[in-house]
Amino acid sequence: MAQLQPPAVQSLIPEIVLAIVKIALEDVEDVHLFPWPRYRDKIRPELNRLRRISRHWNDVITGCPTLWKDVRMDLRCKDTTLALEAEYHRFRLCVGRCNNLSQNLYLISPGAEDYGSQSRDDEDDFEFDVGDWMDYVERPGLVQLILSSAKWRDVHVVLENYVIFAWDILCRQSYPHKTWEWLEALTLESEERIDLPESGRIHCSDIILVAENFPALRQVTLNFTQYSLKPWNFLWGQLTKLTLQNFVDSFRTYLDILGQCKKLEEFHLTVGEAYIVDSEQSPLAITLPYLRKLSLKINVAFDIVEEFINRLTLPALERFTLAFHESSERHTFGQDPFISPLLDLVRRSRCSLLHLSLESLKVDEALFSQLLVSSPSLQCLLFADTLKDIGGTILLHGGVVPEPMGIEELKEEGWNVDVVYWAPSRW
0 MAQLQPPAVQ
10 SLIPEIVLAI
20 VKIALEDVED
30 VHLFPWPRYR
40 DKIRPELNRL
50 RRISRHWNDV
60 ITGCPTLWKD
70 VRMDLRCKDT
80 TLALEAEYHR
90 FRLCVGRCNN
100 LSQNLYLISP
110 GAEDYGSQSR
120 DDEDDFEFDV
130 GDWMDYVERP
140 GLVQLILSSA
150 KWRDVHVVLE
160 NYVIFAWDIL
170 CRQSYPHKTW
180 EWLEALTLES
190 EERIDLPESG
200 RIHCSDIILV
210 AENFPALRQV
220 TLNFTQYSLK
230 PWNFLWGQLT
240 KLTLQNFVDS
250 FRTYLDILGQ
260 CKKLEEFHLT
270 VGEAYIVDSE
280 QSPLAITLPY
290 LRKLSLKINV
300 AFDIVEEFIN
310 RLTLPALERF
320 TLAFHESSER
330 HTFGQDPFIS
340 PLLDLVRRSR
350 CSLLHLSLES
360 LKVDEALFSQ
370 LLVSSPSLQC
380 LLFADTLKDI
390 GGTILLHGGV
400 VPEPMGIEEL
410 KEEGWNVDVV
420 YWAPSRW
């Protein structure tokens with residue numbers, strides 16, 4: 000009697016394998032501090048674990064370009080030739096598996112500390128060129144590696160103290176591989192805490208982009224502690240979204256930039272503790288016809304009213320956020336000096352404000368009532384970390400989840416507001 004043979008094991012079709020992979024990656028927990036979930040440290044090990052299930056799974060996963068379009072290189076502590084080459088090898092694998100799909104790059108620590116006279120193993124010594132006064136040096140081959148790839152769509156670089164790297168990769172007159180032709184979003188960050196030179200500010204090479212090299216660039220985020228924007232140029236005229244954080248520049252500089260932003264739809268400004276105060280008032284008055292979202296986060300800049308808010312006309316404004324840092328030196332008694340200028344801005348712009356967020360402000364009720372009456376289109380009102388008595392409802396500090404509060408009381412007062420939230424400050 001012939002012995003029955005077990006049926007052959009059938010491989011799952013690629014669509015099912017990829018569906019399982021997607022679910023597995025969504026469940027990956029990550030405790031990293033980096034804000035972009037798609038650059039999690041644990042994604043790559045999880046992908047490799049799934050690839051080891053079988054040769055079929057490996058072929059399906061490595062053959063799916065969308066799984067490899069997010070390229071992450073964390074070069075912190077990668078100070079030996081062996082460690083650096085391993086990261087470069089992973090980079091090339093990801094780029095090769097993308098099959099000409101547009102890619103996103105998240106790069107951390109492009110420069111290495113210059114150890115100077117400190118001894119290291121000769122076989123692992125880098126031949127460096129000093130690039131900054133901060134004693135950071137270039138990692139060999141990194142610039143060429145980045146520029147050898149094309150179709151970058153979203154690039155986020157944590158420069159730490161090696162800011163000259165931004166100049167190295169962005170400020171060339173031409174790129175043989177058309178590296179930045181597809182680039183839509185660019186984020187650059189410097190170190191948050193820096194030992195400053197005696198001048199109190201940091202000088203570096205001017206970062207000026209050539210328009211022909213960045214035809215698709217629309218979103219720029221710059222976070223540079225103790226640096227000046229002048230005379231940097233990130234093609235302001237073609238941007239639709241701009242975020243500037245912690246520069247030392249005066250509000251005149253920001254107005255100069257906004258005056259070039261004819262297509263801007265979103266502007267987010269964070270003014271740090273160190274900034275330049277102009278001795279003369281700015282004569283500029285700026286109208287941004289397409290700006291829908293404006294966010295201002297302030298530490299100690301009281302001249303923002305006269306030098307910035309009062310200079311703006313925003314006919315398309317729909318969403319406005321104004322916030323103070325808790326430790327800022329601001330008025331502790333009486334009303335905050337911002338509700339009246341905000342009221343003037345709404346009236347001057349004749350805008351249809353839909354969302355208003357006030358964080359860490361002490362609001363004057365009479366002026367605030369006028370503001371709401373002037374904004375009949377308002378749909379959402381957010382108080383964050385604000386002590387305020389509105390319509391008989393006291394919004395007290397506490398809790399971690401925003402809760403709807405005071406809606407009926409506000410409607411009884413004739414305020415056309417559908418949602419009112421109070422929440423701890425999100426600074």
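Reminder that position 407 of the sequence shown reads as 406 in numbering that gives the first Met the number 0, one-by-one numbering, no gaps. Note that CB positions come from ideal geometry on N, CA and C, so glycine has one too.
**Prompt:** Among the residues of its own chain, which have a CB less than 7 Å from the CB of W56, if the five just before and after it don't count?
**Reply:** V16, L49 and R50
**Request:** Sort G236, L241, A23 and H176 by Cα distance to L185 and report the nearest one.
**Result:** L241
**Request:** Provide the residue(s) that pair with H354 in DSSP beta bridges, ordered along the chain.
**Result:** R318 and C379
**Request:** Could you spell out where the alpha helix (DSSP H) holding W166 opens and where it closes?
**Result:** I163 to L169
**Unbroken alpha helix (DSSP H) run spanning D343, endpoints** = I338 to S348
**Asked** CA-CA distance, F74 and E211?
**Response** For clarity, residue 74 is Leu in the given sequence; the question names Phe instead. So the alpha carbons of these two residues sit roughly 30 Å apart.
**Request:** Would you check if the distance between the CB atom of L83 and the CB atom of I60 is smaller than 8 Å?
**Result:** no
**Item:** For L353 and S373, the rounded distance between their alpha carbons
**Value:** 12 Å
**Asked** Is it true that the CB of I308 sits closer than 8 Å to the CB of P340?
**Response** yes
**Request:** Could you tell me whether the Cβ atoms of G110 and V70 are closer together than 8 Å?
**Result:** no
**Inter-residue Cα distance where the pair is D255 and K261** = 12 Å
**Prompt:** How big is the Cα-Cα spacing for D153 and W181?
**Reply:** 9 Å
**For W235, the nearest candidate out of F223, V219 and C350 (CA to CA)** = V219
**Message:** Distance check for V156 and E306, CA to CA, integer angstroms please.
**Reply:** 32 Å
**Request:** Out of F223, I168 and T224, state which residue places its alpha-carbon closest to the alpha-carbon of L208.
**Result:** I168
**Asked** Is DSSP giving A215 helix, strand or coil here?
**Response** coil
**Asked** Whose CA, out of L11, P314 and E188, lies closest to the CA of I52?
**Response** L11
**Prompt:** Taking the alpha-carbon positions, what's the P13 to G95 distance?
**Reply:** 20 Å
**Message:** The beta strand (DSSP E) that contains E14, what's its start and end?
**Reply:** Careful: E14 lies outside any beta strand (DSSP E), inside the alpha helix (DSSP H) at P13 to E25.
**Prompt:** Counting only runs that start and end within the stretch 229-311, where is the alpha helix (DSSP H) found for 4 or more residues in a row?
**Reply:** 250-257 and 303-306
**Item:** Assigned exposure category for T65 - 16 Cβ within 10 Å defines buried
**Value:** exposed
**Item:** Unbroken beta strand (DSSP E) run spanning T507, endpoints
**Value:** Outside the shown range of the chain (0 to 426) lies residue 507, about which nothing can therefore be said.
**Item:** Burial state of Y38, where buried means 16 or more other Cβ atoms lie within 10 Å
**Value:** For Y38, the pLDDT reaches just 43, beneath the cut-off of 50, and the residue's location in the model is therefore unreliable, leaving the point undetermined.
**Request:** Decide if F246 is buried, meaning its Cβ has at least 16 other Cβ atoms within 10 Å, or exposed.
**Result:** buried
**Asked** Just the Cα atoms here: how many angstroms apart are S227 and L283?
**Response** 20 Å
**Item:** Best match in R251, K150 and F90 for proximity to L439 [C-alpha to C-alpha]
**Value:** Past the edges of the chain, shown from 0 to 426, lies residue 439, and the structure says nothing about it.
**Request:** Would you identify the three-state DSSP class for I207, choosing helix, strand or coil?
**Result:** strand
**Prompt:** How would you call G271, buried or exposed, if buried means at least 16 neighbouring beta carbons within 10 angstroms?
**Reply:** buried
**Request:** Can you say whether A85 is buried or exposed, counting buried as having 16 or more other CB atoms within 10 angstroms of its CB?
**Result:** exposed
**Asked** What are the start and end residues of the alpha helix (DSSP H) that includes L92?
**Response** T80 to R96
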